[in-house]
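Undergrad: For the sequence shown, this note's numbering assigns the number 170 to the initial residue and increments by one for each residue that follows. Think of the CB as a built atom: it goes at the ideal place given N, C-alpha and C, for glycine as much as any other residue.
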Amino acid sequence: MSDIDRIRNFSIIAHIDHGKSTIADRIIHKCGGLTEREMKQQVLDSMDIERERGITIKAQTVKLNYKSKDGKTYTLNIIDTPGHVDFGYEVSRSLSACEGSLLIVDSTQGVEAQTLANVYQALEIDHEVIPILNKIDLPASDIDKTKKEIEDVVGIDTSGAIPCSGKTGEGVNDILESIINNLPPPKGNKNEKLKCLLVDSWYDSYLGVVILVRVIDGKIKKNMKVKLMSNNQDYEIEKVGVFTPKPIDIQELNSGEIGFIITGIKSLSETKVGDTICDANDPITKPLPGFKPSKPVVFCGLFPVDSSEFQKLKDGLAKLKLNDASFSYEPESSSALGLGFRCGFLGLLHLEIITERLEREFDVNLITTTPGVIYKVYKNNGETINLQNPTNMPDPSQIAKIEEPWIKSTIITPDEYLGSIIKICQDKRGIQTNLSYSGKRAVLSYDLPLNEVVFDFNDRLKSVSSGYASFDYEISDYKEGALVKLGILVNGEPVDALAMIIHKDFAQKTGRQVCEKLKDLIPRHNFMIPVQAAIGGKIIARESIKGFKKDVLTKIHGGGAMDRKRKLLEKQKKGKARAKQFGKVEIPQEAFIGVLKINKENN
Numbered sequence: 170m171s172d173i174d175r176i177r178n179f180s181i182i183a184h185i186d187h188g189k190s191t192i193a194d195r196i197i198h199k200c201g202g203l204t205e206r207e208m209k210q211q212v213l214d215s216m217d218i219e220r221e222r223g224i225t226i227k228a229q230t231v232k233l234n235y236k237s238k239d240g241k242t243y244t245l246n247i248i249d250t251p252g253h254v255d256f257g258y259e260v261s262r263s264l265s266a267c268e269g270s271l272l273i274v275d276s277t278q279g280v281e282a283q284t285l286a287n288v289y290q291a292l293e294i295d296h297e298v299i300p301i302l303n304k305i306d307l308p309a310s311d312i313d314k315t316k317k318e319i320e321d322v323v324g325i326d327t328s329g330a331i332p333c334s335g336k337t338g339e340g341v342n343d344i345l346e347s348i349i350n351n352l353p354p355p356k357g358n359k360n361e362k363l364k365c366l367l368v369d370s371w372y373d374s375y376l377g378v379v380i381l382v383r384v385i386d387g388k389i390k391k392n393m394k395v396k397l398m399s400n401n402q403d404y405e406i407e408k409v410g411v412f413t414p415k416p417i418d419i420q421e422l423n424s425g426e427i428g429f430i431i432t433g434i435k436s437l438s439e440t441k442v443g444d445t446i447c448d449a450n451d452p453i454t455k456p457l458p459g460f461k462p463s464k465p466v467v468f469c470g471l472f473p474v475d476s477s478e479f480q481k482l483k484d485g486l487a488k489l490k491l492n493d494a495s496f497s498y499e500p501e502s503s504s505a506l507g508l509g510f511r512c513g514f515l516g517l518l519h520l521e522i523i524t525e526r527l528e529r530e531f532d533v534n535l536i537t538t539t540p541g542v543i544y545k546v547y548k549n550n551g552e553t554i555n556l557q558n559p560t561n562m563p564d565p566s567q568i569a570k571i572e573e574p575w576i577k578s579t580i581i582t583p584d585e586y587l588g589s590i591i592k593i594c595q596d597k598r599g600i601q602t603n604l605s606y607s608g609k610r611a612v613l614s615y616d617l618p619l620n621e622v623v624f625d626f627n628d629r630l631k632s633v634s635s636g637y638a639s640f641d642y643e644i645s646d647y648k649e650g651a652l653v654k655l656g657i658l659v660n661g662e663p664v665d666a667l668a669m670i671i672h673k674d675f676a677q678k679t680g681r682q683v684c685e686k687l688k689d690l691i692p693r694h695n696f697m698i699p700v701q702a703a704i705g706g707k708i709i710a711r712e713s714i715k716g717f718k719k720d721v722l723t724k725i726h727g728g729g730a731m732d733r734k735r736k737l738l739e740k741q742k743k744g745k746a747r748a749k750q751f752g753k754v755e756i757p758q759e760a761f762i763g764v765l766k767i768n769k770e771n772n
């Protein structure tokens, strides 16, 4: 048996909260990767925010040695992947570095939407999948029902499914034996030219950029000169190592192995995920197919509450960008909110994680503008614009049509919540494409416009289904929509930070709600302030904030009083008109935050 036949590369996939990281902990413990004293929960989740939320954000990797029942020692390379829809790109590239997957399903919950999405990704690249039924120690566990659901909904055979408990460690030995016996070893030849897949990269303040690689053919060793094929640059390897899960330096990585290299690169932009690494002195001609680059789909403005914190925000974004290539930002200025950044995210959870990390790690208080998506605006002159910021929308008379991104979504829910969920999807302009059943659970497929989903769709889904419904989506295509820009004017001046692109049918209702909210939140001034919502030049809603009225007549007594009173009132009226013309309306931060919450209160 050659060395490569004793390697097993596999990833762990599942829906959020079904126990991926816990089972990874058990496997690491069983293989002696860490001592009892070094073990802690979710050992592969390195960020505080991952531990608190109990979710995995970055895919992690670990190399273990396992002595099987037949006495042979095998090398196991685990990649622990995220389960949330926003981090699907982490899942896809992790799967590409492996030959097999452990599919973990919570035996108390059954198959969820994300389970489906991840399994399909694994099957698409011909992975061998081992089903594992977790949480069998809980009283609500139902192994037979879960097996039947996996066969009905996912369509894979469960005769070899392994019942286990990540909490107690029951069944972990069976999982390890099944990995050895059922997952294929990697293919590859260590005597061929070097061909290596760049799986991931991150920035370390001491070492520079650390590159996670999967060697396909050949070997990669210390002091070797390698070429990154996407930018045609040569680098010398300073360090080669593996995670056990502690980083350990080694001399070389052979074909079929996963490890890290350090080449002195200082900028993450040079290391494109999915790139091919080859020998600079004996390069290959054809690169590996690589991955689709992850594209931001949700955009919003981030502004510091205190303008003196702008530099802190800028430094924080630059540091986060070092370890998250999927996140993008560019400077933006707003007349209402000052200087800030327009940022692109993979979804709402990604947005939430980045803003929370900025506030926590860099101590910046933030205002987040309404999240939006990228629209395609076709102008009458044949020009097409990709629009992410509503303030840049051309005049309606120049626009031929606007297209918005749509998604294909899968919702899995207990039968009793189906009616409420269908109503939410209809309210969000959804089109039902399929409805099937597995026992008492419905599997619902809907086409939905993404801009209706980014606000609060997931929150509403969870609230109407008492948390039992699960939701997953993928972006499908662009479709034409009756979309308009809703502008908000305060004292005749447009407030760019509150502009939004919205479907024509919802514009009037939303405009009215924004005006009412601003009326309550903007403090009174010495003059009356009109608050208006407009589409183009047409005002569709209005509220007025009354001005203070100073009593200028109190001290007037005696002869000719009426005349003097009239003159004073005229003078006051002129003063108010002038104040209205030149007076600046201060819009407090609470007003912006209050309006941004309207979309949630709408529902």
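1) Note the first and the last residue of the continuous beta strand (DSSP E) segment covering A710.
2) Within 10 angstroms of its Cβ, does R693 collect 16 or more other Cβ (buried), or is it exposed?
3) Closest to K548 by CA distance: which of K570, V274 and V542 is it?
4) Work out the CA separation of Q290 and R175 for me, nearest whole Å.
5) Under 7 Å between the Cβ atoms of K654 and P500?
6) How is the beta strand (DSSP E) around L363 delimited, first residue to last?
7) Answer yes or no: do E361 and D386 have a C-beta to C-beta separation smaller than 7 Å?
8) Does the Cβ of Y375 have 16 or more other Cβ atoms within 10 Å, making it buried, or fewer, making it exposed?
9) What's the call for I312, buried or exposed, on a 16-neighbour Cβ count within 10 Å?
10) Whose C-beta lies closer than 6 Å to the C-beta of I709 among residues of the same chain, with five residues either side of it excluded?
11) Would you mind reading off the limits of the beta strand (DSSP E) that contains S180?
12) DSSP three-state call for A668: helix, strand or coil?
13) Give the secondary structure of R529 by DSSP, where H, G and I count as helix, E and B as strand, and everything else as coil.
14) Determine the extent of the alpha helix (DSSP H) in which N400 is found, giving its start and end residues.
15) Return yes when the Cβ of E573 is within less than 7 Å of the Cβ of G516, no when it is not.
16) I think K481 touches V533, with their Cβ atoms under 8 Å apart; what is that distance to the nearest whole Å?
17) Rounded to whole angstroms, what's the CA-CA distance from E585 to S328? Just pull it up for me.
18) I'd like to confirm the pairing. Which residues does DSSP put opposite N555 in its beta bridges?
19) Just the C-alpha distance for Q402 and K396, rounded to the nearest angstrom, thanks.
20) Once the 5 residues before and after S578 are set aside, which same chain residues still bring their CB inside 6 Å of it?
21) Using CA atoms only, rank isn't needed, just tell me which of F472, L381, I173 and D484 is closest to P354.
22) Quick one: what's got a C-beta closer than 6 Å to L613's C-beta in the same chain, skipping five residues either side?
23) Opposite P699 in the DSSP bridges: which residues?
24) Assess, as a yes-or-no matter, whether the region 658-671 is touched by the region 682-700 under the definition of 3 or more beta carbon pairs within less than 8 Å.
25) Do you know offhand how far V212's Cα is from T191's?
26) Can you find the residues in the same chain that come closer than 6 Å, C-beta to C-beta, to G188, ignoring five residues on each side of it along the sequence?
27) In chain order, what residues of the same chain have a beta carbon less than 6 Å from the beta carbon of R195, not counting five sequence neighbours either side?
28) Per DSSP, which one or two residues make a beta bridge with P574?
29) Helix, strand or coil: how does DSSP classify Y586 here?
30) Are A666 and T524 touching if we call contact CB-CB under 7 Å?
31) Should S644 and I591 be called a contact, given that it needs their Cβ atoms to be closer than 7 Å?
32) Output yes or no for whether 7 Å exceeds the beta carbon distance between I349 and Y243.
33) Which class does Y375 belong to by DSSP, given the choice of helix, strand or coil?
34) Which first and last residues belong to the beta strand (DSSP E) in which C200 is found?
35) Less than 7 Å separating the beta-carbons of F640 and N627?
36) Should I536 go down as buried or exposed, given a rule of 16 or more other Cβ atoms within 10 Å for buried?
TA: On the basis of the coordinates in this document:
1) Where A710 is concerned, the enclosing beta strand (DSSP E) stretches over K707 to I714.
2) Per the 10 Å Cβ criterion, exposed.
3) Closest option to K548, judged by alpha-carbon separation, among K570, V274 and V542: K570.
4) Roughly 25 Å separates the two Cα atoms.
5) Their beta carbons are not under 7 Å apart, which means K654 does not touch P500 by this criterion.
6) For L363, there is no enclosing beta strand (DSSP E), as DSSP marks it with neither H nor E.
7) Result yes, Cβ atoms of E361 and D386 sit closer than 7 Å.
8) Flag for Y375 reads exposed.
9) The residue is exposed, with fewer than 16 neighbouring Cβ atoms inside 10 Å.
10) Contacts found: Q677, G680 and A702.
11) I176 to A183 is the span of the beta strand (DSSP E), which, as asked, contains S180.
12) Coil, per DSSP.
13) Here R529 sits in helix by DSSP.
14) In the DSSP annotation of this structure, N400 is not part of any alpha helix (DSSP H), being labelled neither H nor E.
15) Between G516 and E573, the CB-CB gap reaches or exceeds 7 Å.
16) Right, their Cβ atoms sit about 5 Å apart.
17) Whole-angstrom Cα-Cα distance: 30 Å.
18) According to DSSP, N555 bridges with K545.
19) Answer to the nearest angstrom: the Cα atoms are 6 Å apart.
20) By the criterion of a C-beta distance shorter than 6 Å, S578 is surrounded in its chain by Y615, L617 and Y642, once the five residues flanking it on both sides are discounted.
21) The residue with the shortest Cα to Cα distance from P354 is I173.
22) Closer than 6 Å at Cβ, skipping near neighbours: I580 and L604.
23) Answer by DSSP bridge pairing, in chain order: S713.
24) The region 682-700, when compared against the region 658-671, does touch it at the 8 Å Cβ threshold.
25) Its pLDDT being 44, under 50, V212 is placed unreliably in this model, and the coordinates cannot settle the point.
26) Around G188, the same chain offers I273, N303 and G335 as residues with beta carbons nearer than 6 Å, after the five sequence neighbours per side are excluded.
27) Non-local beta-carbon contacts of R195 in its own chain, meaning distances under 6 Å to residues more than five positions away in sequence, involve G335, G338 and V341 in chain order.
28) In the DSSP secondary-structure assignment, P574 is bridged to Y647.
29) When secondary structure is reduced to three states using DSSP, Y586 falls in the helix class.
30) T524 sits away from A666, with the two beta carbons spaced by 7 Å or more.
31) Per the sequence shown, the amino acid found at residue 644 is Ile instead of Ser. No, they are not a contact pair.
32) Their beta carbons are under 7 Å apart, which means I349 touches Y243 by this criterion.
33) Coil at Y375, not helix or strand.
34) For C200, no beta strand (DSSP E) run applies, since DSSP gives it neither H nor E.
35) A contact, by the Cβ cut-off of 7 Å.
36) I536 comes out buried.
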